[in-house]
Amino acid sequence: MLLRNTVIAVLLLAAIGAAIAGLAERKPTEAEPADVARAGDSPLYTFVRTHFLAGDGGVYTNLRDDLPLQPHVANNHQMLSESTGLLLLYSLRTDRQALFDQQAGFVRERLDAGSGRIRWVIDPQGRIDEVTANATVDDLRIVRALREGADHWQEQADGKLAAAIARQLEASVRDGEYLSDFYNWDNGANADTLTASYLDLYTLRMLGEASPLWQQVYARSRQLLQGAALSSGLFEKQFSLTTKQWMQADKLNAIDSLYTALHLAEVQGETTTTLAFLRKTWNEHGKLFNDYTRDGQPASELESPAAYALAYRLIKLAAPGDGLADSLYARMTQLAVLDPASPYYGGYVDPAKQEGYSFDQLQGLLAEAEKAGP
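Its first residue numbered 17, the sequence shown is counted upward by one per residue in my numbering.
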């Protein structure tokens with residue numbers, strides 16, 4: 017769905033074309049909530065606020081907006097429900113109510129196609145056809161954030177919106193217990209696949225507290241993730257809802273496996289083998305790679321800030337005393353633009369292509385929030 021451009025960025029090229037440099041720069045708006053910007057904000061957050069956050073609260077997918085459009089891929093200034101959900105979670109972790117309200121408003125006003133049907137993407141320039149499908153994992157993330165925000169700030173409207181989205185999510189359930197990757201409310205079709213990293217067990221368990229259907233989905237999802245674990249510490253990626261079998265791939269993405277492990281850790285699931293994998297690959301290579309073979313051997317030389325961010329959060333949750341977390345966090349920050357004179361200071365930007373993706377930035381922010389603590 018989202019084209020995740022993995023980057024290694026330490027310093028930007030000295031010469032930045034003026035046309036490219038201004039692509040993602042938004043004009044400040046008078047409607048910007050007061051606590052969107054605060055004294056002492058981190059360079060990464062300032063970079064995101066300045067270059068990715070639109071005046072209406074939407075989050076641009078890419079720093080650039082001049083790349084050729086690709087079907088079913090967000091690679092320019094399209095705005096993903098994924099990004100909104102991640103920023104909602106960040107605003108909760110950092111107690112930014114006005115930022116949270118802005119993001120919740122964006123869900124209502126721009127992403128909601130009616131009655132809680134959440135579009136997985138919109139294009140503010142109108143360059144893509146009307147979107148009539150959701151992304152299950154992104155809906156779950158938004159539901160979780162809205163419910164937690166409603167409890168934290170006593171906002172009933174957010175709780176009602178979360179409930180509406182959860183009701184629509186029921187259309188993504190197949191055979192009474194399998195949560196498919198997406199649902200198209202225009203033609204009634206849903207996906208034939210279930211992606212392991214989409215199974216947000218924490219939110220499914222939360223929904224199951226008041227729903228027998230979601231209790232069953234949670235139980236089956238947890239069973240599936242446990243069965244997706246490989247001896248290497250990685251996880252299978254996709255499950256066929258036709259054959260009811262995992263679709264084995266020769267190469268596995270680290271982000272997918274780390275997200276799956278994090279979902280398990282959030283419900284006290286078993287992640288010991290994944291933690292051992294992180295320790296092994298760090299000791300042998302001093303870094304995490306984007307892709308691995310099924311037996312845990314590197315299949316790429318590229319790194320991703322998001323992978324380090326997810327690994328950091330996983331260790332802090334599942335093994336909070338393990339010093340490996342700090343080593344991974346330090347490596348993540350080394351991939352950022354470190355020149356204070358750069359307009360992209362603090363962000364994760366590809367110096368050759370002048371590209372930077374919201375997923376890397378927002379995962380980095382969640383790791384920052386975790387490191388800062390309550």
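Every residue gets a Cβ at the ideal spot worked out from N, C-alpha and C, and that includes glycine. Computed from a prediction, not measured in an experiment: that's the story for all the values here.
Three-state secondary structure (DSSP) of residue i
| i | result |
| --- | --- |
| Glu371 | strand |
| Tyr214 | helix |
| Val147 | coil |
| Leu412 | Since the first residue shown for the chain is 17 and the last is 390, residue 412 is missing from the structure and cannot be characterised. |
| Ser188 | helix |
| Ser247 | coil |
| Thr152 | helix |
| Ser256 | strand |
| Asn206 | strand |
| Tyr364 | coil |
| Ala40 | Because Ala40 sits at a pLDDT of 41, beneath the cut-off of 50, its placement in the model cannot be relied upon, and the following sentence gives the value as read from the coordinates. Residue state, collapsed to three classes: coil. |
| Trp262 | strand |
| Val137 | strand |
Between the CA atoms of residue j and residue i - distance to the nearest angstrom
| i | j | result |
| --- | --- | --- |
| Tyr360 | Phe305 | 24 Å |
| Leu381 | Ser99 | 12 Å |
| Val283 | Gly302 | 29 Å |
| Leu39 | Phe116 | Because Leu39 sits at a pLDDT of 42, beneath the cut-off of 50, its placement in the model cannot be relied upon, and the following sentence gives the value as read from the coordinates. Using only the alpha carbons, I get a separation of about 26 Å. |
| Trp169 | Leu162 | 10 Å |
| Val75 | Arg329 | 22 Å |
| Leu210 | Leu79 | 30 Å |
| Ala120 | Glu300 | 43 Å |
| Arg124 | Ala70 | 16 Å |
| Leu11 | Ser374 | Any question about residue 11 goes unanswered here, given that the chain covers just 17 to 390. |
| Gln313 | Ala166 | 44 Å |
| Gly142 | Gly372 | 22 Å |
| Gly389 | Gly175 | 25 Å |
| Ser131 | Ala180 | 6 Å |
| Val114 | Gln350 | As written in the sequence, residue 114 is Ala, which differs from the Val given in the question. Going from the Cα of Ala114 to the Cα of Gln350 covers about 31 Å. |
For residue i, the residue or residues it bridges with in DSSP
| i | result |
| --- | --- |
| Thr309 | Lys267 |
| Pro314 | Tyr308 |
| Trp230 | Trp230 is not bridged to any residue. |
| Tyr324 | Paired residues: none, contrary to the question. |
| Asn200 | Ala149 |
Cutoff 7 Å; reference residue i; Cβ partners in own chain excluding five residues on either side
| i | result |
| --- | --- |
| Asp128 | Ile134 |
| Tyr234 | Leu217, Leu220, Arg221 and Gly224 |
| Lys387 | Tyr345 |
| Asp311 | Ser248 |
| Ala281 | Thr287, Leu330, Leu333 and Ala334 |
| Gln232 | Gly192 and Glu193 |
Proximal residues to residue i (C-beta, below 6 Å), its chain only, five neighbours per side dropped
| i | result |
| --- | --- |
| Gly243 | none |
| Val64 | Gln377 |
| Ile36 | With a pLDDT of only 41 at Ile36, under the threshold of 50, the placement of this residue in the model should not be trusted; the figure read from the coordinates follows. Answer for Ile36: Gln370, listed in chain order. |
| Leu185 | Asp155 |
| Arg157 | Gly101 |
| Gln94 | Thr77, Val137 and Asp139 |
| Thr45 | Here Thr45 scores only 40 on pLDDT, less than 50, and its place in the model is too uncertain to base an answer on. |
| Leu177 | Leu162 |
Contacts around residue i, its chain only, beta-carbon distance under 8 Å, and the 5 residues preceding and following it disregarded
| i | result |
| --- | --- |
| Arg42 | Low local confidence applies: a pLDDT of 42 at Arg42 is under 50, so the model's placement there is unreliable, with the coordinate-based value given in what follows. Excluding sequence neighbours, Arg42 sits near Thr66, His67, Leu69, Ala70 and Gly71. |
Q) What runs of the beta strand (DSSP E), each 3 residues or longer, lie entirely inside the segment 68-130? A) Whole beta strand (DSSP E) segments, 3+ residues: zero.
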